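Q: First the structure, then my questions, so here it is.
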Amino acid sequence: MRILVADDLKRVRSAIRLMLETLPGAEIVAEAVEAGEVPDLIAARGPDCLLLDWELPGLTLMGGAPAWIRTLRREHPDLRLVVLSVHPEAEHPALGCGADAFVSKTEPPERLIEALRHLDTELEPVDRLPIASRG
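Just so you know, we're using our numbering here: the sequence shown kicks off at 759 and counts up by one.
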């Protein structure tokens, strides 16, 4: 699975990189620190999955996270979208606007790996089964 990580915090991107070393077949193909970088990186790198920080800088310029996720879903229907956030209340809006999964940044690292495994092995792009965080 080719992954684009979009988070403005270097420590979060580094932690995700370390976590993904335990997931066979996972490869980070690009990293973005603000929303404006993401469309070009999707076009240039062709990721299978986008790990998107719900509060990524620049999302307000794109109409906010929900509007942008709906746009990404329309423009890239096969792209798996996993929303990451420290705010559990973002779960329902994220899943409601088209994200495939929501993972809280406060959950154990295994939760992200579990979500990615599920998306990579069990879902076809046309089958959307949200994975919500459990707490």
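Note that the Cβ used here is the ideal one computed from N, Cα and C, for glycine as well.
None of these values were measured; they are calculated from a predicted model.
Go ahead and pull the three-state DSSP assignment for Leu810.
A: Stepping through the sequence shown from its first residue, residue 810 is reached at position 52. If DSSP states are grouped into helix, strand and coil, Leu810 belongs with the strands.
Q: Just mark Ser862 as buried or exposed, buried being the case when its beta carbon has 16 or more other beta carbons within 10 Å.
A: As a first step, residue 862 is located in the sequence shown; it is residue number 104 there, counting from the start. Buried, by the Cβ-count rule.
Q: Please report the straight-line C-alpha distance between Ile786 and Leu762, rounded to a whole angstrom.
A: Numbered from 1 along the sequence shown, position 28 holds the residue referred to as residue 786. Numbered from 1 along the sequence shown, position 4 holds the residue referred to as residue 762. One C-alpha to the other measures close to 6 Å.
Q: Is it true that the CB of Arg760 sits closer than 8 Å to the CB of Gly804?
A: Within the sequence shown, numbered from 1, the residue matching residue 804 stands at position 46. Within the sequence shown, numbered from 1, the residue matching residue 760 stands at position 2. Closer than 8 Å, so yes.
Q: Between the Cα of Pro866 and the Cα atoms of Ala773, Leu839 and Asp765, which residue gives the shortest distance?
A: Counting from one through the sequence shown, the residue named residue 866 turns up at place 108. Closest by alpha carbon: Ala773.
Q: Does the beta-carbon of Leu767 have 16 or more other beta-carbons within 10 angstroms, so that it is buried, or is it exposed?
A: Here residue 767 refers to the residue found at position 9 when the sequence shown is read from its first residue. Under this definition Leu767 is an exposed residue.
Q: Tell me the start and end of each unbroken beta strand (DSSP E) in the stretch 807 to 864 that is at least 3 residues and wholly inside, in chain order.
A: Taking only runs of at least 3 residues, the beta strand (DSSP E) segments lying wholly in the stretch 807 to 864 are 807 to 811, 838 to 843 and 859 to 862.
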